[in-house]
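Novice: Just so you know, the sequence shown maps onto residues -18 to 166 in this note's numbering.
Glycine included, C-beta positions come from ideal geometry on N, C-alpha and C.
These figures come from a predicted structure and were not determined experimentally.
Input: one structure, supplied below.
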Amino acid sequence: SLTLISPQHFLITTHSAPAAGATVSFLNQAGVVKTFTVDSTYHVTHSPGVDTDITIGRLSAPIASSDLITSYPILSLNSYAEYLNLPLLVYGANGRVGQNTLDTLMLTDMLPFGGGNGTVDSVLFRTDLDPVSGQPQGETGDSGSPTLYISGSTLALLGIHSALDSAPALDLTYDSFIPSYASQI
-18 SLTLISPQHF LITTHSAPAA GATVSFLNQA GVVKTFTVDS TYHVTHSPGV DTDITIGRLS
42 APIASSDLIT SYPILSLNSY AEYLNLPLLV YGANGRVGQN TLDTLMLTDM LPFGGGNGTV
102 DSVLFRTDLD PVSGQPQGET GDSGSPTLYI SGSTLALLGI HSALDSAPAL DLTYDSFIPS
162 YASQI
C-alpha cells in the first residue's frame, strides 16, 4: 500500500517500494482502479547516511483532479506531546479500516529488520490491539498503508505501517512517524 501526498507524489515503506518504471494503482472515489507509472523514488534519511523505512515516490505525471483520487496533507503539530492519544484512522491489508489512538512515540534502531545494527534510524509510533473496543491490528502485507489523523471530516497523514511486534502475541503495530521527516518530504 502507499499514500498519495500530492497529485504527483506518494509515500511508501522502503521495504515495499516500487522501482522506477513500475506501476502503482489507486482506487478512486467512484470505485475505479486507476494505474500510474513511477518516475523515481527517494529514500528518506533519519540522519546523514542513515536511511529510514520511508520512501517518497514521484509519478511520471500529476494525477488529474478528474481521476477522483485524494491526496493527504501531513499533520503538523507544535510538539510531540500533542500527538499522543490522537484519534486515528488506520488502513490495512485488503482495504480494512479501523480506529485506534497513538500510544507511544519512540526513537529506535529498526533497520535492518530482525535486530537492527546499533544505530538509531527511525522515529516510530505505536498503536496496540484492543479487540474489545474494536481497534485494528497491523498484519503482514499492509506495509506502507497509511495511518491518518481524524478531525471531523478532515484527514491528515501521520504515519505509514512499517513493522509488527509478534512476541509474545501479534498486538503492536509500528508506523514511521511522518511529521518527523516532513522537511525532507
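Is the beta carbon of L65 less than 8 Å from the beta carbon of L138?
Specialist: No, the Cβ-Cβ distance between L65 and L138 is not below 8 Å.
Novice: May I ask you to report which of helix, strand or coil DSSP gives Y64?
Specialist: Three-state DSSP puts Y64 in a helix.
Novice: Return the first residue and the last residue of the beta strand (DSSP E) that V78 is part of.
Specialist: Here the beta strand (DSSP E) through V78 covers V78 to T82.
Novice: Is DSSP giving D20 helix, strand or coil here?
Specialist: D20: strand per DSSP, three-state reduction.
Novice: Considering Cα atoms alone, identify which of S(-3), D32 and S21 is closest to G97.
Specialist: Looking at the Cα atoms, D32 is the closest of the given residues.
Novice: Under DSSP, the beta strand (DSSP E) around S(-13) begins and ends at which residues?
Specialist: Premise fails: S(-13) is in no beta strand (DSSP E) and is neither H nor E.
Novice: Check whether the stretch 121 to 138 touches the stretch -10 to 0, counting contact only when three or more Cβ pairs, one atom from each stretch, lie closer than 8 Å.
Specialist: Taking 8 Å as the limit for Cβ pairs, the verdict is that the stretch -10 to 0 does touch the stretch 121 to 138.
Novice: Candidates E63, D109, V104 and S103: which alpha carbon is nearest N81's?
Specialist: Answer by Cα proximity: D109.
Novice: For the candidate residues F158, T51 and Y23, whose alpha-carbon lies nearest to that of Q10?
Specialist: The shortest Cα separation from Q10 among F158, T51 and Y23 belongs to T51.
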